[in-house]
Structures are given as C-alpha cells and as structure tokens.
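A.B. asks: Below you will find the structure I want to go over with you.
Protein chains: 2
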Amino acid sequence: MTQHVERAFFGSFFHAPEYGGFEFLKDALIEVDACGVIGRVVAKDDPEQARLMAAYRECGVLTELGEGRFGLPGFVDIHVHAPQWPQAALALDEPLYLWLEQRTFPLEAKFADLDFARAVYVDLVEQLLARGSTTAVYLGSAHLASSIELASICAERGQRALVGKTVMDDPSANPEYYRDASAAQAVEDTRTLIREVEAIGRASWQGVWPVVTPRFIPSCTDEVLRGLGDLAAETGAYVQTHCNEGQWEHDVVLERFGKTDPYALRDFGLVGPRSIMAHCPYLTVEEGEMFAEAGAVVAHCPMANAYFSSAVAPVARFRAQGIRMGLGTDISGGYSPSMYENIRQAVVASRLLETGVDAQRAPDERGGLGGDVRVSLAQAFWLATAGGAEALGLPVGVFEPGRAFDMQVVDVKRRDADLTGFGVFDAPEDRLARILYLATPDNVRKVYVQGRLVRDKDAE
Amino acid sequence: MTQHVERAFFGSFFHAPEYGGFEFLKDALIEVDACGVIGRVVAKDDPEQARLMAAYRECGVLTELGEGRFGLPGFVDIHVHAPQWPQAALALDEPLYLWLEQRTFPLEAKFADLDFARAVYVDLVEQLLARGSTTAVYLGSAHLASSIELASICAERGQRALVGKTVMDDPSANPEYYRDASAAQAVEDTRTLIREVEAIGRASWQGVWPVVTPRFIPSCTDEVLRGLGDLAAETGAYVQTHCNEGQWEHDVVLERFGKTDPYALRDFGLVGPRSIMAHCPYLTVEEGEMFAEAGAVVAHCPMANAYFSSAVAPVARFRAQGIRMGLGTDISGGYSPSMYENIRQAVVASRLLETGVDAQRAPDERGGLGGDVRVSLAQAFWLATAGGAEALGLPVGVFEPGRAFDMQVVDVKRRDADLTGFGVFDAPEDRLARILYLATPDNVRKVYVQGRLVRDKDAE
C-alpha cells in the first residue's frame, strides 16, 4: 500500500461517522494518496504506526499537526446564495418580500458585471475556506456568465463546489431589470451552465459540479419548472431550490397548484436523489416520507429559519423519517458565513423547538414538541460534515479510506481564543464541544481540500 | 474648556443613546479629560472642530481612529459567572441539576486555590476585554479570597467591574465540599468582600464595586437571604442573583414560601434599585410591575435561556413595563464570552418568541406572542451598552459629556472578516448591522476604558 502514499498526516482528529456520535482519533496517522484520497487511517495502537511514521518522516512526506492542534473534517455548507454575500447581516427585520425587492434583487442584478461578481465571489470563497468550509453548494445570480465565473473561482481557489445559476423567469413575480428573458432561455442557459461547469469540474482536482436551480416556485413559471425538471432528468444534474420555507410560500403554492410545495416540485421532476431542498420547516410527515423515498435532501438552515420561516425545522423527525440532511448557512437569509455559528444555532433552535418559547404558559401549552427533538452538538457536527457529504453523495466529511482528505486544523490555544479549558474538563467530548462552540475564525489555522493545503494562516 | 482636555479622539462612532435607535457620529471629535471622562463631542459641522483638531494634533494628544475604523461604546456584560469560564461550552445538554452537580460545583470548588483562580480570571478578563466588554458584573465562586482576587485582577487589567462572592449556604442543597460554612459566616464574608473590594475600587482609576450575591433561593437558607438583604440595605451595595430562571426554580420557591421568586427575594430585602436579577423569563406582568417600581434590573441572557429556561424572556414587555435592563453572557450557562454573539441571539430568540416554533400548527396556534415582541438589532445594541450602563447606574455606554470614555475600535476590513459589503449597501444602519452581526474578535483592534488604552491588538 505504501507506495501510493503521497502525504501522511499525524495528529489527533475529530469526526462524526454516524449521526449522533463522534470519534476521537488520538495520535493517528492518515495516509493520503496522490489524488488526495485517504488510503488508510493507522491508529496509535497499530504496531505498524511507528515504522510508517519513521519512513514518511525520512522521505519528507509527513505532516504533523502539532501540539494543541486537532484535525476536523472540512465543513460541507449545502445552501449559500453567493451573490447575497454583500448583503449578509442586513435588513433582517424586513419581511421576505421587502427584503427581496429592496435589497436582494437590486444586489443580485449587479452580478451582470463580471468584475464586480469576481471581487465578491473571490472574497466569499476565501471567507468560507477560512472558516473551514471545504465544500459549498452555491446558488449564483440569474446570470449565466457570473455563475460560470463562480465555478471557475472555486476551482482555482481549491474549494469543492456545486454551482447553479438561479432561475426566475416569471414576469409577474420578478422585476424587469432582474429576471430570465424567458422560460426557454432560462432552460437553455442552465443547459449551457451544466456543460461549462462540468468542464471546469473535470479540469479541477477537487471537483466542481453544476446545479439546476429554480429559485423557488413563486419566482418561476410552470414552463420553466417543467423544463428544468426535464433537464435534470436528462443530465442527472443536481437540483437545488427552496421548499416549504415560510407560510407565505406555502400558501402561494397551495393556491396556485392545489397542492403543497414538495408535491408541486416533485410533479415537475425536481425531487430526486440529487435534489437539495432548502429550509423545509413546513414539511409534513407525509411530505417527509415522500422525500425520504425519493432520496431528496433537506438543507437545514437554522439561522435563516428564525428570520424568515417563523418556525424551527424539526430535524429529529426528519432524521427519524430517514431524510438525507445537511446544514447550510443560507447566506444571506442567515447572516453568518460560519458553519460553526450554524452548528450552534442548530442546537439552540432545537431547544426552543422542544420547549416552546412563552414562559407565561404552562410547559405543555408552550407550543414545543417535547420529546426527543433536540439536536445535540454531535448531531449538528454530523450535519455539517458527514451529513452534508451523504446529502451530496460525495466521499468527504469523514476521515476514512476512500474519502477525499478535506481537513481543517484547529489550534485550541490562540491568544484571544484559548479552548483548552485550563485542563479542568478534558474528555474528548469536552474538547470537541469547546472547539465547536468557542472557535473563532482565528482558531482555524490550515485548511486542506483533497489533500492540498488551500489556506495556511500560519504562513501569513 | 480645552484646558482640561487630556486626549481627543477623532473618527466615526456608533452608539445607542435611546432604546430602539442608534446614532452615527461621523467624523466627530471627542474630548476626554484627565479622569477619562468625555468633556465634549464636537460634530463634523461644528466650526470649531478644525481649529481644535489642529491644536490637539500639535500638542500630541489627538488619536485618529483611522480609515475603515469605527468607535463603539465598550459593552456592559451584566451577568458573568467568572469561575465557570473553564466550563464554557460544556455539558449544555444536561439538565440544570446535573450540570451543577457534575460540572459547576466541582469546578467552582477549585477556586479555593488562588493560583488556579488567578490563571482563570486573568484569562477571562483578557478575553472579555478582547471582545469589547469594558464593564462586567461578575459572580465569583463561594470563596472570599478568590473573589477579592478577581476584583484585583479587574482593577489591574483595566476592566470596570462589579464583583461578588457567591453565597450558597444551605447544607441540604449544596455539596459539603463546596458551600458556605454557615449563614453567619457567609454574611460576614460578604461584609469583608464589600470592604475589601471597595478599597480596591477606590484605588482603581476605572472603578470596581462589590456585589451581594446569593446564588439563588434554592441554594440559600432563609437566614442567609435575610442577612444578605439586611447587609445590602445597610451598605447600599449592589445585589445580584438569579430570578425566575426556570420552571424548576419557579416551582421550588413557590412550594417553599407560598410565593414566587421575585416576591420572595423582595421580602428578603434583595430587590431594589441596585439589584440585578438574572434571566427572569418567568416574570409575570405583576412581578414586572413590582420590579419596575423597585427599580430592579433584569439581566437578559438569551443564550443561556435557550438551554436552561425552556423559554425566551419577553424583552419587549419588560421594556414597556419600564423595567431597567441589560444584557449578559451568563458564562457558562451561555457558552459565549462575546456580547456580539449575545446581541445576535437576543434578536434571533425574539423572532421565535414572536412566532413560536412548530410549523405544523397554524400560525396563531404556534405559541408565539405575536405583536411587537421583536428585539431589533439596535435595541439589542442598546441593551449591551446604554442599557447596561443605566442598569448599573454608571456613566458609561454612550459617547456624551459626563460619561466615561469606554470605547472599542472596530476595524471593518480584516482579511478574514471584511465588513465593508463591497460598498453596496452603505447606509449607517447597514454598516452598524455588519459590525454587530459579523464582527469577529479580530475586528476589535483597540479597547479603551475610562480613556485609557487597555488592549491594543495593532501593537501585538
């Protein structure tokens, strides 16, 4: 085996191979091949480890994480509106329609300008990488060219990415200055996007994929939804859209089709095993069963849901129903580019879903679901790593043979963020909790994608 | 006037003098006297400004914030369990009693060791200052010596602080290894604390004050509660305790006294204009009126409440009732030492209080309060600054004459946190929103307390 090893990493690693648990790989050696794929994880108690380390050290391919540093899988952020990055944190007190009309649409329209698009997208990709997000699923603007540009930027900066051009063709729902020229043009542009982004992906070492991306039903004509569904079926491309995000959307779709959002999307051919459905707090049990059967993915966006959904998505029920799930920042419905902050919010929001919110009512009249609805920190960590990987069908998110080596190195002892806890509670679950709850961007020192170092703050 | 000016600061500043609004002082000159108190704020359009700036520059007392930097008032964190700092982020899935028994009490007991206490407290004070918290209200451990040590550390590191020794004397409620020896001893120790900390405060340039600190009713005997109430009346010292934090506490107090927590505290003499009541989500309208009349303060701890209160505190109602309020991190019931993160959570939690959480119910059956219960970002900013100042009766939190000059300087253009938004939405409210929602500790570059520079990351 060892002849294929390109690099080897020695240190201690946290990952979450199963939902709800995590593993601490203390003093492990991870072998990575020339393609950036993990060949073997050699445990501390493996009698071979010492010999291998000596050999790798001698030939100069051994990287030691070092004292006080831990390797975590890179995060998989499965819902990011790339052109909304300049709007992150803004106008979150507005209702969705005003937020879209006064902010989002005028902003996204600017991405007709490729220079502007490039400046924003480079910064966004760099910021996500700096926070350990090694894979991202992006919705671009409605422009073909800047969406292809986004894919190129991800390829060149070393982020694994799925990139769509947002489709919004309905003249009655979208402003004239910012919409697709026609349903036919939108489908044609998406076809071009698929071809171009596939080419970018083939030329990349980490993988970049196209995504069929209707914004959401209220932005789209029947014709374009049908056209995109057919295109997805024909090409096997990923699909991403918003589903069951809020009461308004829920009601509008029901009124228009006499059926709810998930069924309408399904009937247009947009719900399948490559489909990412963002938000979904309104998903019923029956709709969830349909998703589970179809293999569709729910992108949980706990931060954005607090602002625009008027509810908390029931993650525990979705998981119990067997729905595939990952976590998304939803920039800029959620303000933060950090998956760390979204992991925290996934936990916090689930506590309020459990209990309800108004203490003037008796506990059982507070509107909480009670029971086992909490998202534990380990579960949220899984959603952000292995869950996202499973959702996308990509071999990442866990340190095991056959998966790409995507890693963030967390230094737990930085001047303004010492996560060592003075040695008081030092079990692996405590160390992991400190990292997930307390890490700042500064704690993330190095980021690897597919075995390659794409960000090295130590060297700056 | 100018003969008293010790230093002057030129730049652009955000602050929130009134609840719900904020002001942007663009290109303003702030004069600070030798005691660190603001003498004058000279606006950009004041014809005197140019002459004053020239004079101050010439005599070397002018500090210019610089391009892309903004001054914000230092934060006032009104609820921090100092000895729980090593436990931040840990075991938040546990119920309160287990969390206390297995984690908090064994940890706090370690603060009998002054060397350990000093190491933890120095780090905590530094971390809070690094995040812009220039004033903090601390609960120490049950130990007199380490609590006095905490006050000394605050004095020497330049943080304005209110420090208490936590009282917990009930043998039936607290472990033998960690409790006050007796009610009489606890009151005596608190008396000593008041004397010692007042002396430390008098010798400090920024102010340090003692706090009478019963942990909460369930930890304390009637005797000690009465003794501490009498001591507070006698000395006029601040009081801090937990009030109406959770259902368990609420029920235990009602059972023990036949009245609820706020009334029980009042009847022990612990509710007055110098009293800080932490959490309070269970506070009824009637209890709130009593607090408003007494001038008591509610410390809103939105992060901790999600974990331990099973509810969201109704900030809007409290404000409408005229209750004085500030914001607290509640380390470690809340995981984060950052007031920025607590500002964000105050907003997010209020959205769920408005709407409720379970989307499977109709909107009006979701358990939300509806109506005007949102905490806007500007309101949360006020809570973290001017509100906290008002709550403590200290002249800080706003840039106006007569207040101490406590300032954090935020650089909006750091490599891993560019808050400039590419110039797209650039109104003052947008700039402030980006700072409050997106700043990382690294964006906070300098921190001033009472006119003195206590942290300068630029120089490191």
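Protein chains in written order, with this note's numbering: chain A, 1 to 460; chain B, 1 to 460. Glycine included, C-beta positions come from ideal geometry on N, C-alpha and C.
1. State the DSSP-derived secondary structure class of ILE323(A), mapped to helix, strand or coil.
2. DSSP three-state label for CYS35(B), please.
3. Determine the direct distance from the alpha carbon of GLN102(B) to that of GLY421(A), and round the result to whole angstroms.
4. Under the three-state reduction of DSSP, which class applies to VAL375(A): helix, strand or coil?
5. Measuring CA to CA, which of ALA233(A), LYS26(A), VAL80(A) and GLY326(A) is closest to ASP267(A)?
6. Within the 7 angstroms Cβ cut-off, does THR2(B) reach chain A?
7. Exposed or buried, HIS4(B), counting other C-beta atoms within 10 Å across all chains shown (16 or more means buried)?
8. Could you round the C-beta distance between THR166(B) and GLY74(B) to whole angstroms and report it? I think they count as a contact, below 8 angstroms.
9. Mind checking SER309(A): buried by the 16 CB within 10 Å criterion, or exposed?
10. Looking at chain A, is there any beta carbon in it that lies within less than 7 angstroms of the beta carbon of PHE111(B)?
11. Does the beta carbon of ALA311(A) come closer than 7 angstroms to any beta carbon on chain D?
12. Given a cut-off of 7 angstroms on the beta-carbon distance, is the pair TYR177(B) and ALA109(B) in contact?
13. Using a Cβ-Cβ cut-off of less than 9 angstroms, give me the residues of the region 91–117 of chain B that come near chain A, in sequence order.
14. What do you get for CYS35(B), buried or exposed, if any count of 16 or more other CB atoms within 10 angstroms of its CB means buried?
15. Return the first residue and the last residue of the alpha helix (DSSP H) that MET339(B) is part of.
16. In this structure, how does DSSP classify CYS154(B) when only helix, strand and coil are distinguished?
17. Please name the residues in the region 366–396 of chain A whose beta-carbon is closer than 9 angstroms to at least one beta-carbon of chain B, in chain order.
18. Per DSSP, GLU23(A) forms a beta bridge with which residues?
19. Taking the beta carbon of ALA362(A) as the centre, do at least 16 other beta carbons fall within 10 Å, making it buried, or is it exposed?
20. Is it buried or exposed for TYR340(B), if we count other Cβ within 10 angstroms and need 16 for buried?
21. Using 8 angstroms as the cut-off, can you tell me whether the region 428–446 of chain A makes contact with the region 390–405 of chain B, which would need three or more C-beta pairs spanning the two stretches below that distance?
22. Taking the alpha-carbon of GLU196(B) as reference, which of ASP169(B), PRO218(B) and GLY164(B) has the nearest alpha-carbon?
23. Take ALA50(B) and list the residues in its own chain whose beta-carbon comes closer than 6 angstroms to its own, dropping the five residues that flank it on each side.
24. Could you tell me whether the Cβ of THR440(B) comes closer than 7 angstroms to any Cβ of chain A?
25. State the Cα-Cα distance for the pair VAL253(A) and GLU287(A), rounded to the nearest angstrom.
26. Measuring only between beta-carbons, confirm whether ASP358(A) sits less than 7 angstroms from chain B.
27. Return no unless some Cβ of chain A is closer than 7 angstroms to the Cβ of PHE9(B).
28. Answer yes or no: does any C-beta atom of chain A fall closer than 7 angstroms to that of PHE257(B)?
29. If the criterion is Cβ atoms closer than 7 angstroms, does the pair ILE276(B) and THR235(B) meet it?
30. Measure from the C-beta of ASP430(B) to each C-beta in chain A and report whether the shortest distance is under 7 angstroms.
31. Can you name the residues that DSSP bridges to PHE70(A)?
32. Taking buried to mean at least 16 other C-beta atoms within 10 Å of its own C-beta, is GLU48(A) buried or exposed?
33. Could you please give the first and the last residue of the uninterrupted alpha helix (DSSP H) stretch that includes TYR437(B)?
34. Quick check on DSSP: helix, strand or coil for PHE75(B)?
35. Can you tell which of HIS242(B), VAL37(B), MET325(B) and TYR121(B) has its C-alpha closest to the C-alpha of ALA389(B)?
36. Would you call THR2(A) buried or exposed, if buried means 16 or more other Cβ atoms sit within 10 Å of its Cβ?
C.D. replies: If we stick to the structure as given:
1. Locating residue 323(A) in the first sequence gives position 323, where the first residue counts as 1. Three-state DSSP puts ILE323(A) in coil, outside helix and strand.
2. On the second sequence, position 35 is the one that residue 35(B) refers to. Looking at CYS35(B) - three-state DSSP - the assignment turns out to be coil, as it is neither helix nor strand.
3. The sequence position of residue 421(A) within the first sequence is 421, counting from 1. The sequence position of residue 102(B) within the second sequence is 102, counting from 1. About 16 angstroms.
4. Your numbering for residue 375(A) matches position 375 in the first sequence. Three-state result, VAL375(A): coil.
5. Here residue 267(A) is taken as the residue at index 267 of the first sequence, counted from 1. It is ALA233(A).
6. The count along the second sequence starts at 1 and reaches residue 2(B) at position 2. Only weak support exists for where THR2(B) lies, its pLDDT of 44 falling under 50; the value from the coordinates is given anyway. Cβ-Cβ to chain A under 7 angstroms: no for THR2(B).
7. If you number the second sequence from 1, residue 4(B) lands on position 4. Label assigned to HIS4(B): exposed.
8. To locate residue 166(B), count along the second sequence from 1; it is residue 166. To locate residue 74(B), count along the second sequence from 1; it is residue 74. No, THR166(B) and GLY74(B) are not in contact; Cβ-Cβ is about 25 angstroms, not under 8 angstroms.
9. Along the first sequence, one-based indexing puts residue 309(A) at 309. It counts as buried.
10. To locate residue 111(B), count along the second sequence from 1; it is residue 111. It does not: the Cβ of PHE111(B) has no partner Cβ on chain A nearer than 7 angstroms.
11. Among the protein chains of the structure shown, namely A and B, there is no chain D.
12. As a first step, residue 177(B) is located in the second sequence; it is residue number 177 there, counting from the start. As a first step, residue 109(B) is located in the second sequence; it is residue number 109 there, counting from the start. Yes; because the gap between Cβ atoms is below 7 angstroms, this pair is in contact.
13. ALA91, LEU92, ASP93, ARG103, PRO106, LEU107, LYS110 and PHE116
14. Numbered from 1 along the second sequence, position 35 holds the residue referred to as residue 35(B). Its Cβ having fewer than 16 others within 10 Å, CYS35(B) is exposed.
15. Stepping through the second sequence from its first residue, residue 339(B) is reached at position 339. Note, MET339(B): alpha helix (DSSP H), 339–355.
16. As a working mapping, residue 154(B) is identified with position 154 in the second sequence. In this structure, CYS154(B) counts as helix in the three-state DSSP scheme.
17. ARG366, GLY367, GLY368, LEU369, ARG374, SER376 and LEU377
18. Your numbering for residue 23(A) matches position 23 in the first sequence. According to DSSP, GLU23(A) bridges with HIS15(A).
19. As a working mapping, residue 362(A) is identified with position 362 in the first sequence. Counting Cβ neighbours within 10 Å, ALA362(A) comes out exposed, since fewer than 16 surround it.
20. Locating residue 340(B) in the second sequence gives position 340, counting from the first residue. The residue in question, TYR340(B), is buried, as its Cβ has 16 or more Cβ neighbours within 10 Å.
21. no
22. Mapped onto the second sequence, residue 196(B) falls at position 196. Taking only the C-alpha atoms, the option nearest GLU196(B) is GLY164(B).
23. By 1-based counting over the second sequence, the position of residue 50(B) is 50. Nothing listed; no residue qualifies.
24. As a working note, residue 440(B) is residue 440 in the second sequence. Yes, its Cβ sits closer than 7 angstroms to a Cβ of chain A.
25. Here residue 253(A) corresponds to residue number 253 of the first sequence, with the count starting at 1. Here residue 287(A) corresponds to residue number 287 of the first sequence, with the count starting at 1. Each residue's alpha carbon lies about 14 angstroms from the other.
26. Position 358 of the first sequence, counted from the first residue, corresponds to residue 358(A). It does: the Cβ of ASP358(A) has a partner Cβ on chain B nearer than 7 angstroms.
27. Here residue 9(B) is taken as the residue at index 9 of the second sequence, counted from 1. Judged by the 7 angstroms Cβ criterion, PHE9(B) is not in contact with chain A.
28. Residue numbering aside, residue 257(B) sits at position 257 when the second sequence is read from its first letter. Answer no: the Cβ-Cβ gap between PHE257(B) and chain A never drops below 7 angstroms.
29. To locate residue 276(B), count along the second sequence from 1; it is residue 276. To locate residue 235(B), count along the second sequence from 1; it is residue 235. No, they are not a contact pair.
30. Residue 430(B) sits at position 430 when you count from the first residue of the second sequence. Yes, contact with chain A.
31. Taking the first sequence and counting its residues from 1, one reaches residue 70(A) at position 70. Answer is SER12(A) and VAL410(A).
32. Position 48 of the first sequence holds residue 48(A). It counts as exposed.
33. Locating residue 437(B) in the second sequence gives position 437, counting from the first residue. Residues 428–438.
34. By one-based count along the second sequence, residue 75(B) stands at place 75. Here PHE75(B) sits in strand by DSSP.
35. For the purposes of this step, residue 389(B) is taken as the residue at position 389 of the second sequence. Taking only the C-alpha atoms, the option nearest ALA389(B) is MET325(B).
36. Position 2 of the first sequence, counted from the first residue, corresponds to residue 2(A). In this predicted model, THR2(A) has a pLDDT of only 44, less than 50, meaning its place in the structure is not dependable; the value taken from the coordinates is given anyway. Exposed, because fewer than 16 other Cβ atoms sit within 10 Å of the Cβ of THR2(A).
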